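Each residue of the sequence shown is one higher than the last, beginning at 1 in UniProt numbering. Structure first, commentary second.
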Amino acid sequence: MARATTSAPSQRMLRVGEQVRAALTQVLQRGEVRDPLLEKTVISISEVRMSPDLKHATAYVTPLGVKDHDAVIEALNRNAKFIRGRLGPQLRQMKYMPDVRFRDDTSFDNYKKIDELLRSPEVARDLSADGGDDDK
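Given below as structure tokens:
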């Protein structure tokens with residue numbers, strides 16, 4: 001019997017990703033990473049995606065109040081091995097400690113663009129037009 005191929009993450013991948021996200025949040029909140037840029041930056045971790053073998057974690061982060069996201073992402077990736085070592089106590093139930101990669105989360109920008117489109121005059125005009133022909 002062939003296994004179904006799907007790109008959707010499994011329940012296990014989602015559960016472990018949430019555990020890694022919580023552990024990363026604790027490490028960054030405690031200020032354990034000694035990097036001048038990271039010490040003065042508030043970082044929001046919106047999602048952690050795990051690879052199917054749970055050996056790689058991609059954390060999507062948003063530095064709050066900082067214009068240059070690339071510098072913060074670079075600093076996080078530079079300290080990724082140290083952060084990985086600090087995850088150990090919270091993730092001791094895992095067989096392998098995942099390698100953590102940090103990426104800029106652009107989903108908030110996408111949500112903002114969609115919101116601007118929905119509030120545009122063209123969409124408002126279309127919504128206010130009498131569209132009752134479909135219901136009759």
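Here a beta-carbon is modelled for each residue, glycine too, at the ideal position from N, C-alpha and C. Keep in mind the model is a prediction, meaning the values are calculated, not measured.
Item, Value
"N- and C-terminal bounds of the beta strand (DSSP E) containing Y60", "56-64"
"Local Cβ density within 10 Å of T106, reported as buried at 16 or more and exposed below that", "exposed"
"Counted within 10 angstroms of its Cβ, other Cβ atoms place G17 as buried (16 or more) or exposed", "buried"
"Euclidean distance between Cα positions of V48 and P98", "11 Å"
"Touch test, the stretch 65-84 against the stretch 32-51, Cβ-Cβ under 8 Å, three pairs minimum", "yes"
"Length of the line joining the Cα atoms of A124 and R30", "46 Å"
"Residue interval of the alpha helix (DSSP H) (run including R86)", "80-87"
"Helix, strand or coil at Q11 according to DSSP, with G and I counted as helix", "helix"
"For S107, the first and last residue of its enclosing alpha helix (DSSP H)", "107-118"
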